[in-house]
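Asker:
There are 2 protein chains.
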Amino acid sequence: MRTSILLAAILTFASSVACAQTMQDVLEASKPSDWRVLPPENTLYLELETGRVIIELAPEFAPRHVENIRTLVRERYFDGLPIIRVQDNYVVQWGDPDDKKPLGTAKKALTAEFTRPAAGLDFTRLPDPDTYAPETGFVSGFPAAREGAEGRAWLTHCYGMVGVARGTDVDGASGTGLYVVIGHAPRQLDRNITVVGRVVQGVEYLSSLPRGTGPLGFYEKAAQYVPIRRVRFASELPAEERTQLELLRTDTPTFEALVESRRNRRDDWYKVLAGRIDVCSVPLPVRVRD
Amino acid sequence: MRTSILLAAILTFASSVACAQTMQDVLEASKPSDWRVLPPENTLYLELETGRVIIELAPEFAPRHVENIRTLVRERYFDGLPIIRVQDNYVVQWGDPDDKKPLGTAKKALTAEFTRPAAGLDFTRLPDPDTYAPETGFVSGFPAAREGAEGRAWLTHCYGMVGVARGTDVDGASGTGLYVVIGHAPRQLDRNITVVGRVVQGVEYLSSLPRGTGPLGFYEKAAQYVPIRRVRFASELPAEERTQLELLRTDTPTFEALVESRRNRRDDWYKVLAGRIDVCSVPLPVRVRD
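If you read the protein sequences in the order shown, they are chains A and V.
For the first sequence, numbering that gives the first Met the number 0 gives the first residue as 0, with consecutive numbering after it.
For the second sequence, numbering that gives the first Met the number 0 gives the first residue as 0, with consecutive numbering after it.
#1: Here's the rule: buried if 16 or more other CB atoms are within 10 angstroms of the residue's CB, otherwise exposed. What is Gly297/A?
#2: If you draw a straight line from the alpha carbon of Gln92/V to that of Thr110/V, how long is it in whole angstroms?
#3: Is it right to say Gln23/V is buried, meaning 16 or more other beta carbons lie within 10 angstroms of its own, or is it exposed?
#4: With burial defined as no fewer than 16 other Cβ atoms inside 10 Å of the residue's Cβ, what is the status of Glu239/V: buried or exposed?
#5: Identify whether Ala19/A lies in helix, strand or coil by the three-state DSSP scheme.
#6: Can you pull the chain V neighbours of Thr130/A, defined as C-beta to C-beta under 8 Å?
#7: Over the uninterrupted alpha helix (DSSP H) stretch that includes Phe137/V, give me the two end residues.
#8: Less than 6 Å between C-beta atoms, sequence neighbours within five positions excluded: which residues of the same chain meet that for Asp277/V?
#9: Would DSSP call Ala233/A helix, strand or coil?
#10: By the 10 Å Cβ neighbour count, where 16 or more other Cβ atoms means buried, how is Ser139/A classified, buried or exposed?
#11: Could you name the residues of the same chain whose beta carbon sits closer than 7 Å to that of Phe77/V, not counting the 5 residues immediately before and after it, in chain order?
#12: Taking all protein chains shown into account, do 16 or more other C-beta atoms lie within 10 angstroms of the C-beta of Trp268/V, making it buried, or fewer, making it exposed?
#13: Among Val179/V, Ala117/V and Phe254/V, which one has its Cα closest to the Cα of Glu203/V?
#14: Can you tell me whether Leu215/V is buried or exposed? The criterion is at least 16 other CB atoms within 10 Å of its CB, across all chains shown.
#15: Whose CA, out of Trp153/V, Gly211/V, Thr193/V and Asp250/V, lies closest to the CA of Arg165/V?
#16: Identify the contact partners of Arg190/A in chain V, using a Cβ-Cβ distance below 7 Å as the criterion.
#17: Under 8 Å Cβ-Cβ, which residues of chain A neighbour Thr167/V?
#18: To which residues of the same chain is Arg186/A closer than 6 Å at the C-beta, ignoring the five residues directly before and after it?
#19: Just reading off the beta strand (DSSP E) that Val52/V is part of, what are its end residues?
#20: Quick check: is the beta carbon of Arg1/A nearer than 9 Å to any beta carbon in chain V?
#21: What residues from chain V crowd round Tyr158/A, counting only those whose CB sits closer than 8 Å?
#22: Please state whether DSSP places Gly119/V in a helix, a strand or coil.
#23: Kindly confirm or deny that the segment 48–61 of chain V and the segment 95–106 of chain V touch, where touching means at least three C-beta pairs closer than 8 Å.
#24: Using the Cα positions of Asp289/A and Phe232/A, report the straight-line distance between them to the nearest angstrom.
#25: Out of Pro58/V, Asp98/V, Asp97/V and Glu255/V, which one is the CA nearest neighbour of Phe113/V?
#26: Which whole-angstrom value is the C-beta distance of Leu26/V and Pro284/V, which I expect to be below 8 Å?
#27: For Ala17/A, decide whether its Cβ has a neighbour in chain V, counting only Cβ atoms nearer than 9 Å.
#28: Is it right to say Asp33/V is buried, meaning 16 or more other beta carbons lie within 10 angstroms of its own, or is it exposed?
#29: So with Cβ pairs under 9 Å, would you call Ser206/V a contact of chain A?
#30: I'd like to know whether the C-beta of Glu55/V is nearer than 9 Å to at least one C-beta of chain A.
#31: Can you pull the chain V neighbours of Val163/A, defined as C-beta to C-beta under 8 Å?
#32: In angstroms, rounded to a whole number, what distance separates the CA positions of Gln86/V and Thr167/V?
#33: Compare the C-alpha of Val163/V against each of Thr42/V, Gly94/V and Thr251/V and name the closest.
#34: Under the rule that 16 or more other beta-carbon atoms within 10 Å means buried, what is Thr212/V, buried or exposed?
#35: If contact means a Cβ-Cβ distance below 8 Å, which residues of the segment 193–204 of chain A contact chain V?
#36: Is the CB of Ser280/A under 9 Å away from at least one CB in chain V?
This is the structure in structure tokens:
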């Protein structure tokens with residue numbers, strides 16, 4: 000405890016010393032203002048028999064798709080539909096296996112939102128080279144990439160990211176089928192599909208599901224489907240039924256110190272410091288609100 | 000089928016045209032000599048109640064650890080021990096939870112084999128930049144990195160790679176505790192731990208296990224442990240009990256064409272070609288031998 004107080008003091012007066020900290024030091028030294036409340040109106044609860052998967056949506060990147068998902072959830076489209084696909088080291092996907100359930104007032108097809116202008120985004124850039132993109136970093140807590148401050152920007156396919164399944168038609172999706180990445184970041188998907196958010200808690204309820212044995216990891220029999228009890232926005236539930244979470248902001252000196260603590264892990268175990276980090280290896284801390 | 004014959008002809012006469020192929024085209028056009036038999040003496044079967052996990056060991060990179068694992072397996076050290084740790088987006092680990100089982104004639108501690116000289120390795124280099132290493136590529140079918148042809152080389156922590164658990168002492172491990180990567184490549188581990196091989200089939204029996212709820216994903220109760228029926232080298236079993244597998248060689252023009260087919264996925268679905276690939280996203284095809 001003494002150590003964490005000391006480090007808090009150092010952090011206040013000389014942020015360049017942050018490189019000597021571990022992630023735990025950084026988190027212990029964090030201030031309340033380094034955290035943000037998970038906004039209930041953009042928080043989706045995917046309720047399974049085993050537990051609650053909590054997703055933060057990203058309307059900054061996919062406003063049309065988030066709006067359509069809002070309609071689908073409000074009209075209870077997802078309730079009772081199943082998880083139909085679990086492909087190892089790739090994705091878990093849910094939706095209507097028969098494509099027959101009425102969409103109500105939701106739109107049937109939306110114009111793709113694969114990228115958006117980088118201008119106007121508060122982009123916290125990572126210092127290290129990336130295989131796939133000229134620049135990577137974070138926007139409002141989401142891992143992202145851009146071509147430069149005046150080019151295009153997009154959310155990156157990291158573990159736990161949530162996207163909108165589509166066929167070969169880029170403008171044919173509506174948000175009725177969603178997937179979550181459960182393996183090594185499939186970055187080749189970037190800019191080819193609309194990403195709508197990320198799982199902030201409970202991804203293990205998806206990643207530990209039995210793998211589908213059909214092509215692309217689809218379950219071959221309806222008996223294998225994993226039922227979804229319901230999907231709700233946090234804002235639809237009374238306060239006592241919500242999971243009160245806070246996330247570390249990604250636009251602060253504390254987050255910069257956290258990134259540095261993971262680029263160079265200064266603890267007893269590591270002997271060779273990587274000195275680098277890729278956008279999908281940066282942890283995005285979540286904690287329960289007091 | 001006509002297409003694949005045509006492409007085979009193109010591949011023969013002009014490998015530069017390979018960039019127009021899909022992975023399926025490349026595999027259909029492959030010759031028998033593009034494949035190698037999984038060597039029984041380096042093939043480990045981790046037998047669970049649910050199925051067989053097949054691991055290829057890499058004595059080129061970790062000769063001392065592979066030799067010690069050979070002794071441990073021959074003396075049936077692993078039989079009846081459990082999987083004790085499943086940490087989401089990280090690793091599955093097995094071994095002796097009490098650290099009490101006698102090691103027999105196996106060594107209790109080995110000098111680390113984190114890296115080795117690059118000289119002497121047949122290194123198929125990838126063309127694209129990597130966040131963590133100056134050069135990445137493949138050696139004898141394993142994903143690897145090096146500092147240059149005259150520097151050090153090491154196996155990279157990709158999905159499915161198998162390593163030797165250790166404490167803070169770099170020379171304190173013996174191969175009694177092994178782990179498999181089941182998430183986004185934790186490349187910060189590279190050069191910090193001995194990597195002994197990779198899973199070539201059945202990784203889903205590990206990656207779909209319930210996550211441990213203790214610190215670092217350890218199971219908190221013995222009742223949660225996942226029993227290992229037995230661990231055997233393929234060479235210890237009669238032919239009819241072996242899984243006959245072949246792997247695509249990584250030192251051939253066919254493999255180069257496969258890499259190119261994944262750097263630029265030329266099918267109806269992809270609209271923006273990545274033009275790049277990272278070492279942990281290159282598929283390493285496995286097929287059942289005729």
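C-beta: ideal position from N, C-alpha, C; glycine also.
Answerer: Quick answer:
#1: With chain A covering 0 to 289 only, the question about residue 297/A has no answer from this structure.
#2: Here residue 92/V refers to the residue found at position 93 when the second sequence is read from its first residue. Here residue 110/V refers to the residue found at position 111 when the second sequence is read from its first residue. Approximately 21 Å, taken between the alpha carbons.
#3: On the second sequence, residue 23/V is found 24 positions in, with the first residue counted as 1. Exposed: under 16 other Cβ atoms inside 10 Å.
#4: Within the second sequence, the letter at position 240 stands for residue 239/V. By the 16-neighbour rule on beta-carbons within 10 angstroms, Glu239/V is exposed.
#5: As a position in the first sequence, residue 19/A is number 20, starting the count at 1. DSSP places Ala19/A in the helix class (H, G or I) of the three-state scheme.
#6: Residue mapping note: residue 130/A aligns to position 131 of the first sequence, counting from 1. The answer, in chain order, is Asp127, Pro128, Asp129, Thr130, Arg275, Ile276 and Asp277.
#7: Sequence index remark: in the second sequence, residue 137/V carries index 138 (1-based). Boundaries for Phe137/V: no alpha helix (DSSP H) harbours it, while the beta strand (DSSP E) harbouring it runs Glu134 to Val138, taken from the DSSP string.
#8: For the purposes of this step, residue 277/V is taken as residue 278 along the second sequence, with counting starting at 1. Sequence-distant Cβ neighbours of Asp277/V in its own chain, meaning closer than 6 Å and more than five residues away, do not exist here.
#9: Within the first sequence, the letter at position 234 stands for residue 233/A. Looking at Ala233/A - three-state DSSP - the assignment turns out to be helix.
#10: As a position in the first sequence, residue 139/A is number 140, starting the count at 1. With a 10 Å radius around the Cβ and a threshold of 16 neighbouring Cβ atoms, Ser139/A comes out buried.
#11: Your numbering for residue 77/V matches position 78 in the second sequence. Cβ within range, chain order: Leu71, Ile227 and Val230.
#12: Against the second sequence, residue 268/V aligns to sequence position 269. By the Cβ-count criterion, Trp268/V is exposed, with fewer than 16 other Cβ atoms from all chains shown falling within 10 Å of its own Cβ.
#13: For the purposes of this step, residue 203/V is taken as residue 204 along the second sequence, with counting starting at 1. Each of Val179/V, Ala117/V and Phe254/V was checked against the Cα of Glu203/V, and the nearest Cα belongs to Val179/V.
#14: As a first step, residue 215/V must be located in the second sequence, where it is residue number 216. Flag for Leu215/V reads exposed.
#15: Start at 1 with the first residue of the second sequence, and residue 165/V comes out as number 166. Of Trp153/V, Gly211/V, Thr193/V and Asp250/V, the smallest CA-CA separation from Arg165/V is found for Thr193/V.
#16: Indexing the first sequence from 1 puts residue 190/A at position 191. Within chain V, the residues placing a beta-carbon under 7 Å from that of Arg190/A are Val271, ordered along the chain.
#17: In the second sequence, the residue the question calls residue 167/V occupies position 168. Those are Asp267 and Trp268, listed as they occur along chain A.
#18: The residue labelled residue 186/A in the question sits at position 187 within the first sequence. Tyr131 and His156.
#19: For the purposes of this step, residue 52/V is taken as the residue at position 53 of the second sequence. Element bounds for Val52/V: Arg51 to Leu56.
#20: Locating residue 1/A in the first sequence gives position 2, where the first residue counts as 1. The predicted model places Arg1/A with a pLDDT of 34, which falls under 50 and marks its position as unreliable; any figure quoted below should be read in that light. No, because no Cβ of chain V sits closer than 9 Å to the Cβ of Arg1/A.
#21: The residue labelled residue 158/A in the question sits at position 159 within the first sequence. Under the 8 Å cutoff, chain V gives Asn88, Gly182 and His183.
#22: Taking the first residue of the second sequence as 1, we reach residue 119/V at position 120. Residue state, collapsed to three classes: coil.
#23: In the pairwise beta carbon analysis, the segment 48–61 of chain V is classified as not touching the segment 95–106 of chain V: fewer than three pairs are separated by under 8 Å.
#24: Residue 289/A sits at position 290 when you count from the first residue of the first sequence. Residue 232/A sits at position 233 when you count from the first residue of the first sequence. Rounded to whole angstroms, Asp289/A to Phe232/A spans 21 Å at the Cα level.
#25: On the second sequence, residue 113/V is found 114 positions in, with the first residue counted as 1. Of all alpha-carbon atoms in Pro58/V, Asp98/V, Asp97/V and Glu255/V, the one lying nearest the alpha-carbon of Phe113/V is that of Pro58/V.
#26: In the second sequence, counting from the first residue as 1, residue 26/V sits at position 27. In the second sequence, counting from the first residue as 1, residue 284/V sits at position 285. Leu26/V to Pro284/V, Cβ: 6 Å. Contact.
#27: Position 18 of the first sequence, counted from the first residue, corresponds to residue 17/A. Because the pLDDT at Ala17/A is just 44, under 50, the model does not fix this residue reliably, and the value given afterwards should be weighed accordingly. No, because no Cβ of chain V sits closer than 9 Å to the Cβ of Ala17/A.
#28: Taking the first residue of the second sequence as position 1, residue 33/V is located at position 34. Result: buried.
#29: Here residue 206/V is taken as the residue at index 207 of the second sequence, counted from 1. Yes, Ser206/V counts as interfacial toward chain A.
#30: Residue 55/V sits at position 56 when you count from the first residue of the second sequence. At a cut-off of 9 Å between C-beta atoms, Glu55/V does not count as an interface residue with respect to chain A.
#31: Working through the first sequence from its first residue, we reach residue 163/A at position 164. Annotation: Val163/A has no Cβ neighbours in chain V at a cutoff of 8 Å; minimum Cβ distance is about 14 Å.
#32: Here residue 86/V is taken as the residue at index 87 of the second sequence, counted from 1. Here residue 167/V is taken as the residue at index 168 of the second sequence, counted from 1. Distance between the alpha carbons of Gln86/V and Thr167/V is about 19 Å.
#33: Mapped onto the second sequence, residue 163/V falls at position 164. That would be Gly94/V, whose Cα lies nearest to the Cα of Val163/V.
#34: Counted from its first residue, the second sequence places residue 212/V at position 213. Thr212/V comes out exposed.
#35: Within the segment 193–204 of chain A, the qualifying residues are Val202 and Glu203.
#36: Taking the first residue of the first sequence as position 1, residue 280/A is located at position 281. So, interface residue.
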